[in-house]
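*Asks:* Numbering (the numbering used here), first residue to last: 13 to 242. Even glycine gets a Cβ: it sits at the ideal position worked out from N, Cα and C.
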Ligand code: DX5
Ligand code: ZN
C-alpha cells in the first residue's frame, strides 16, 4: 500500500473515479491503475456543500473489495464530514480530506478541525484539508502541522471536466513553502499533461485527474506524461 507520508520521488497521479464508468466502476478504476495510476481519488458529494450527489460508504466498501491494494484517497465535499470518519474508515478509505469551508470560525456547525483531524488519524486514515479556489490558504495555515496533506482545488468543486484555474497555482507555492517536504500537496480539477506542468513546478506532488485519464484514448501515455518531474 502506498504511504503518502513518504515524499514521492516523482509526481503521483490519482485518477478520479468521478469520471469512470459508474456502472462498472471497479473494473474501470482497475484499468486506470493498470495504466500506471498511483492511487485512486474518490469524490464524495452530498448535494449540499456542492449541488451534485455521488456516493457514500457502501460504494467505497465495494471499491475496496474489488481493489484490495489500491490507496483510496477520499475527498469529502459534504457539510458534515465528522459523520463519516468511522463509516469510511470501516469501508477501507485510506485518505480522508475535508473542506475548511464547512468549519466556520465560530464553530456554530460544531466542527473543530483539529479534533476532526485527530479523529481521522485515530481511525487509521491519513488526514487532509482542502480549500476552494476562492478560499485563502490562510484559513488552513494553522492546521498544516496537523495534517499530512493539503489539497488545492483548481476548479470550483462539484463537477468533473471543468477548466483549470491558473490563479490557484500560487497557493501551491505557498503551501509547499510552509509545509516543507513532510506535507503532501495535492491539486484537483482541470489537470492534464499540459496544466499539470505548472502545478508540479509549483510543488504539487499528487495530481488528481478525472476526465484527462478516463477520457483519454491512451490512458497509460497520459498518466506517464503527468508523472514527469518538473
Ligand atoms: C471536482 C472533483 C474532482 C474531479 C476532477 O469537484 O473534486 O476530483 O473528479 O475532474 P477533472 O479532472 O475532470 O477536472
Ligand atoms: Zn476531488
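Should residue 223 be counted as a contact of ligand 1 given a C-beta to heavy atom distance under 6 Å?
*Replies:* yes
*Asks:* Assess contact between the region 46 to 56 and the region 75 to 91, defined as three or more Cβ pairs (one per stretch) separated by less than 8 Å. Is contact present?
*Replies:* Under the Cβ criterion (8 Å, minimum of three pairs), the region 46 to 56 counts as touching the region 75 to 91.
*Asks:* So what does DSSP say about residue 149, is it helix, strand or coil?
*Replies:* The answer is helix: DSSP assigns residue 149 an H, G or I state.
*Asks:* Measure the C-alpha to C-alpha separation of residue 169 and residue 19 and round it to an integer number of angstroms.
*Replies:* 26 Å
*Asks:* Can you grab the Cα-Cα spacing for the pair residue 144 / residue 194, in whole Å?
*Replies:* About 22 Å.
*Asks:* Identify, in the order they occur along the chain, each residue of the same chain with its Cβ nearer than 8 Å to the Cβ of residue 115, setting aside the five sequence neighbours on each side.
*Replies:* 121, 123, 124, 125 and 128
*Asks:* What do you get for residue 34, buried or exposed, if any count of 16 or more other CB atoms within 10 angstroms of its CB means buried?
*Replies:* exposed
*Asks:* Measuring only from the beta carbon, is residue 204 closer than 6 Å to any heavy atom that is part of ligand 2?
*Replies:* For residue 204, the shortest C-beta to heavy atom distance toward ligand 2 is 6 Å or greater.
*Asks:* So residue 67 and residue 88 are supposed to be a Cβ contact under 8 Å. How far apart are they, rounded?
*Replies:* Actually they are not in contact, since the Cβ atoms of residue 67 and residue 88 sit about 12 Å apart, beyond 8 Å.
*Asks:* Quick one: what does DSSP say residue 21 is sitting in, helix, strand or coil?
*Replies:* coil
*Asks:* Grab the span of the alpha helix (DSSP H) containing residue 182 for me, first residue to last.
*Replies:* Taken as a continuous stretch (DSSP letters only), the alpha helix (DSSP H) holding residue 182 covers 181 to 191.
*Asks:* Below 6 Å, is the gap between the Cβ of residue 78 and the nearest heavy atom of ligand 2?
*Replies:* no
*Asks:* How is residue 78 classed by DSSP in three states: helix, strand or coil?
*Replies:* helix
*Asks:* Whole angstroms is fine: what's the gap from residue 218's alpha carbon to residue 233's?
*Replies:* Roughly 17 Å between the two C-alpha positions.
*Asks:* What's the gap between the Cα of residue 32 and the Cα of residue 104?
*Replies:* 19 Å
*Asks:* Between the alpha carbons of residue 70 and residue 106, how many angstroms are there, rounded?
*Replies:* Cα to Cα, residue 70 sits roughly 15 Å from residue 106.
*Asks:* Label residue 21 either buried or exposed according to how many other C-beta atoms from any shown protein chain fall within 10 Å of its C-beta, with 16 as the threshold for buried.
*Replies:* exposed
*Asks:* In the DSSP assignment, the beta strand (DSSP E) including residue 31 goes from what residue to what residue?
*Replies:* First-last for residue 31: undefined, no H or E at that position.
*Asks:* Check residue 231 in the structure and name its three-state DSSP category.
*Replies:* The answer is helix: DSSP assigns residue 231 an H, G or I state.
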